[in-house]
Structures are given as C-alpha cells and as structure tokens.
Amino acid sequence: MDNYKMENIRNIAVMGHGKCGKSSLIEAMLYNSGAINRLGKSLDGTLVSDFDQEEIKRQMSISTSICPIEWKEDKLNMLDTPGYFDFVGEVKEGMRAADSALIVLSGRSGVSVGTEQAFKFAKQKGSPIMFFVNKIDDDRANYQRTLEEMKEKFGKAITPFVYPIKEGDEFFGFVDIVDMTARRYEGQNRVDIPVPEGMAETIAPLRDMIMEAIAETDDALMNKYFNGEEFTFDEIKKAIRKGVKDGNIYPVYCGSGSTNIGVRSLMDGMAKYLPAPNEITEVAFDSKTGDTAEVVQDVTDTTSAIVFKTVADPYVGKMSFFRVYSGSIKADSILYNANKAIKERIGKLYIVCGKKQIETKSVDAGDIGVVTKLENTKTGDTLCDENKKIILSGIEFPGPTLSMAVSAVKKGDEEKIIAGFNKLEEEDLTFNISSNTETKETLINGQGEQHIDVLVNKLNAKYGVEVKLDAPTVPYRETIRSKVKVEGKHKKQSGGHGQYGHVFIEFEPGISEDMTFEEKVFGGSVPKNYFPAVEKGLRDACMHGVLAGYPVVNLKATLVDGSYHPVDSSEMAFKTAAQIAYKEGLKQAKPIILEPIGYLKAYVPESIMGDIIGDINKRRGHIMGMGESEKDGLNLVEAEVPVSEMYKYSTDLRSMSQGRGVFEFEFIRYDVAPQGIQDKVIKDVEAKNQ
C-alpha cells in the first residue's frame, strides 16, 4: 500500500448502535475499492473488520479494527468501533485516532440510544460528523421519519445529501440533492437517470436546506443567496467542507451496506467533504513545563505520534497501533516515549486491514500504522523525536461499573489467571484485576456482564486458563450493642511448666472503628508486661466475629482484673485467656451485623425518574435528593443504598434507561443490617462452612 500525502488521507471513526450494520458497510467499501473480491457476511463470520473469534461467535464488533481503503485519489482509514456499551473503551480508542465521525443508523429503527451516544462522543471531541442511514432497502425502513428524528435529536445541522427513490416498498436508487442527479441500481451497477417525476416537491425544500447551510458559511455566499444567484460547484464543495469541519453541516447519506447500495456515493462524499488531518488542530504539552503547543501536522516536521490501541497477541507479541501527527515513523529506528521518558526501538512497521498485516518502510504524518514488541509503551503514550519531547492528549477511559469474583477451575491456575488478565489489561484499559485481602477473592472489574464474559473467554482462548465467576462476597462487619464484663481463664498442666492466664475484661460499644484497648488493673493482679499480650489476643480475635465470622468494629475492651502464676504464666497464656473472654463476652453483648452502605448518584432521563426511584426503594435505598444535573441534560437521583443490593446495578440501570443512564457509587459507612438480612448472612456462612 502506497504512502499518501496528508491532504489525501481521511481518518474516520465509524460509530453507531449495535446491529446497525457498520461492519457490513465497511465490507462494501473494501469491495468497491478492490481490496476484496467478494462481500463477506456477519452470519458466515467472513467480515474483514470482525475477525476475532469472539466477534465471529457473537456476530458483533467487540474491538476497534482498522480498514484502510484506497478510493480514487484518496485513502480512507475506516476505524470500525463496537456499538455495544460494554466496549466503550474501544470506541474511545478509535475516536482518538480519527479526525471525523461517520455515524451509522438503521432506517428501520431510526435514532437509537447508541446513535445518541456516538453523537455525544463526537461532539465532545469536536469531530466533524457525517451520517449514513443504513438498511434503507428494508421494507420497514422510513427515511423521512428517520430524518425527522435526527433533526429533533441533533438539530438543524442535519442536512440530507441524498433521497431514496422507491417503487412501492422497493428501494432501487436515490437522488443526489447536491448536484441534482439521480442514480438507479441494477445489481452492483449504477445508472444515471433523470430525477423521477413527482419528486421535485420532496427534493426542493431539502436542496434549499443545503443552499441555506452553504450560505451561512460565508458572508459573500450569503449575499449571493439573498440575491437569488446560483452557487458554482466549486463554491458549493468548498462551503460544504467548511460547514462540515465547523460542525454547522451534518451530511446525511443513505443506502444499504449489505447490498452495496449508496455506498460509493458515501465514499465520494467522505473524500470530498470530510477534513484531511492537516486541517485539524492538534494540541500537545511540553513534557517538562506542561505548556501547550500546537502540533504542526506536516511530514517535514519532527516526529510525533500517539499509541491509541494495544493488542496482546500470545504469538506475535504486543502490537501497538499508532497515529502519526507530524514527521514520519520509520522501520528500524529509535523514538522517545515522552510519557515514560525512555527510548523505544522501532522494529518492523505494518499497515493493517482487519487481521491482514502489510509490511511498510515508513508511516507518514496523518496516517495509521502498527509496530510490534515495544517494551515499555502503552495505550495513550506519545512517541516522538528525543529533541521534541511533547505529550499528545491521551485517552480518558471510563472506570469499571461491575465487579465479579473470579476463581480457577483447575487448582494451581491462580497465578496463570493473574498473569493472563495482566496481559489482557495491556490492551483493554477499561477493566482491572484487584485482590480483596479481607474476603481473599480475586475480582475482575469491568464495564458489564458481556464485557467480563468476553474477557474470560479471551483468557481461555489465548492463555488456556478456565475460570468461574461468582458474585463478590460483601464485606460485612460485626459489633456489639451492650456492655458486659466476662472472665477468661486459660489453665493447662502437662508436666513441667504449665500455662496460666486469667483476665476479667469489660466489653462495650466503642467510638472508633478500630478496637480501643484500656487497662484499669489495680494491685498488680495482672503484671504490666502481659498487657500487650492481652491487647494482641483481642486484636487478633477481632478479625472474626461470633455471628458470621466478619471483622468486629466499634469495640472497646478494658482489662480490669485477673491473676497470674509466677512460673506458669506467659504472654501466650494471657493472649489465649483474652481470646476466651472475647468469645464469651461478645456472645453476651448483643452482637449484630453491620452492612456497608454506599452513596449512589444516578444520572437518568427525566421520563424514567419514577422507575429509578422505585427501583432504588426495592434495593432498600433511601433517597437523599433529586433534580437537574449538568450531565448531558440528565436528571440526578441521589441515594444511600446497601452495597449488597448494588450487584449488577449497571446492567439493570442500562436496561431501565435503554443505555442512557450512568451512575457513580462509593462506600460511605457501615450501618445496622435489618434482622432478616442478618439472619440470611449467618445462614449463608453456615451453609458455606458445612
């Protein structure tokens, strides 16, 4: 594949709701460019951009793949991103390398929540946006209704550039509203035809919309528009490019990716109207001072690039996908990782198309490539010339929303689990592995059930480790409600020196989470040198309560009396005596179980506020407040909710809000659990220990 000049490159993130047909659309583009000689299908597992075994099995994209398409004079780097919310990190990676966004939606289902999410991401980055209404050949598709939905959701910048031609319910061509030509599809061939009679009334107001949008890009064009003068084709093209770049025009195309209808017109439109890399402003930061500086996106400038994606392949090794912003990355060279302040050796370079790797000598400014076996570089790191030392903006990944306990199916695989997940964590920064020392569980923390399921399957496929998943153990606590005084005596004689320790200890509720220890011994009944042993015995005992074995908190223990033997007493004996007193005392002091409580902030559409509040009440939550928020026009519900009731809340909230809702949740304190919950916790622990 040839190196292209920057002005002939388009880097485009293809986004949209799951099952809208993004991958099939890219397949048609590859076919039109001659890169493949037949159209693959999702059902057959033959799509170029969905090549991972998990993608083939699930028939959906789960990672961002790159498909460079040589189209006429230009190179379109299409970054196919997943449409499901569990894989939002992959979307973020694809967007970081892209300059523009192509948002795909189904003409049958219209604007879905994934469409809205894609639009939100593109707007947040400030990317120029183009739409493609897919599956227009479906007899249930309604282009006009979809346009109206898009205008309602995304504003007046929605500008249809084509309009479908139908005979009854059958779609067979479209009118290009910009140049007022019509095309009919006969198999894979396009035939120019006159604009059908009867469509003028439909097309005229749409063309007026385009002309008005064009006029608003320039004062001179506005004067021409008001004077009734026609724009030249060059003026139209230039104005549309400016309007698209500035976010004032969102061109809308339509067609069918699976049957390759309308795709070539879309490809022409992307090449004509979407900006080249050197038209996009990129800001970097000085690695020493932190000062900002605009990157000169030119092949003649010193090199700078960002690693936007990492793939951990057990056979090839680590593959780092990078986007070059200035200069050129050459094979067998040395670059500087400005984030790690370390040099990296660049070996072989590749251009990738799906899973196919094409070796290349260099990757120039504006383009995307892959390098293998970088030792220290991770996703989000900047590679540059050592004398440049700038850091390009990284990628902000969302934090995990679901945790599950993971354990080995085969004994002895525990270390393999950690090692395998650590490798997978290099390529997916939206999950992590943690160890809960209290519950002795390994936790995998990800974006949702589907995300975690994919990671577990990848672990098995790549590293041969099978695991099972369970709900994490809730870290309950125990405490007491009354004051008691108890005796603890440890006396043992077995020949020679015996063991003797004798204490009287008062137990009562304390004011701090950690145990408070005091001594009020009079007359030397317990020598001072044994006080530390008594305290140590009690602290060790507090690790396990008398109800269900959970750690004990808010406990005050006062040593008030006891006795000793001048020969048989020892630190161990007094430690044991203290633990005997502890076990008996806590049983008498009205022990209770405390449950962890967290603070929930749920951001949801106003229309489902009632459902969200009802669901929180079912989870034994207490509403603390509600109202408008500054987050994407969503309303905020604040509540205190037991941690035990929040397992899989991310899945439930996503279902209730159709994916629009988001939440934050953090632990705040422990509180007394209802008696029914206490009984259940005790019963579960007893069953587990049988």
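Mapping of the sequence shown onto our numbering: position 85 corresponds to residue 967, and the numbering continues sequentially without gaps.
Glycine residues also receive a C-beta, built at the ideal position from the N, C-alpha and C atoms.
Looking only at P1414, G1248 and V1252, the smallest Cα-Cα distance to I1240 is reached by V1252.
The three-state secondary structure of I1059, taken from DSSP, is coil. The region 978-990 and the region 1536-1550 do not touch, with fewer than three beta-carbon pairs separated by less than 8 Å. Apart from the 5 residues on each side of it in sequence, G1419 sits with its Cβ closer than 6 Å to the Cβ of K1457, A1460 and Q1461 in its chain, given in chain order. If you look at V1073, you'll find it in the beta strand (DSSP E) that goes N1071 to I1075. Nearest in C-alpha terms to A1086, of all of C1266, V1057 and V1403, is V1057.
DSSP, reduced to helix, strand and coil, places F1043 outside both helices and strands of the structure shown, so it counts as coil. Of the other Cβ atoms in all chains shown, fewer than 16 fall within 10 Å of the Cβ of M1081; this residue is therefore exposed. In this chain, the alpha helix (DSSP H) harbouring T1028 covers Y1025 to F1036.
Counting along the chain, no beta strand (DSSP E) covers V1449, and no H or E run does either. Counting C-beta pairs closer than 8 Å gives three or more between the region 965-980 and the region 1316-1330, which meets the contact rule. If the five residues before and after G1431 are omitted, its C-beta is found closer than 7 Å to the C-beta atoms of V1567, all from its own chain and listed in chain order. Under the three-state reduction of DSSP output, M1286 falls in the strand class. For A917, no alpha helix (DSSP H) run applies, since DSSP gives it neither H nor E. When only Cα atoms are considered, V995 and K1048 end up about 28 Å apart.
DSSP, read as helix, strand or coil, puts G1492 in helix. The three-state secondary structure of Y1552, taken from DSSP, is strand. Distance from the CA of S1511 to the CA of E1522, rounded to the nearest whole angstrom, comes to 18 Å. T1264 counts as buried, since no fewer than 16 other beta carbons sit within 10 angstroms of its beta carbon.
Membership of G1302 in the alpha helix (DSSP H) is indicated by the continuous run E1296 to E1309.
R1542: not part of any alpha helix (DSSP H); DSSP gives it neither H nor E.
Contact between V930 and C902 does not hold, since their C-beta atoms are separated by about 18 Å, which reaches or exceeds 8 Å.
Within the model, the alpha-carbon separation for I1162 versus K1191 is close to 21 Å.
Counting the other Cβ atoms within 10 Å of the Cβ of F1043 gives 16 or more, which makes it buried. Looking at the DSSP output, F1389 bridges to V1366 and A1439. Unbroken alpha helix (DSSP H) stretches of 4 residues or longer found wholly inside the region 1095-1121: 1101-1108, given in chain order.
Distance check between G1444 and each of M1062, I1334 and F1404 places F1404 closest, using alpha-carbon atoms only. Residue environment analysis places T1028 among the buried positions, since at least 16 neighbouring C-beta atoms fall within 10 angstroms of its C-beta. For P1196, no beta strand (DSSP E) run applies, since DSSP gives it neither H nor E.
Separation of T1182 and N890 (C-alpha to C-alpha, rounded to the nearest whole angstrom) is 16 Å. Beta bridge pairing from DSSP links K1373 with Y1382. At the C-beta level, S1451 and Y1382 come within 7 Å of one another. For D956, the enclosing beta strand (DSSP E) covers residues D956 to D962. Only residues of its own chain outside the window of five on either side were considered, and among them E936 have a CB closer than 7 Å to the CB of N1339, listed in chain order. For V1245, the enclosing beta strand (DSSP E) begins and ends at S1244 to D1246. By the CB criterion at 7 Å, A1484 and V1525 fall outside the cutoff.
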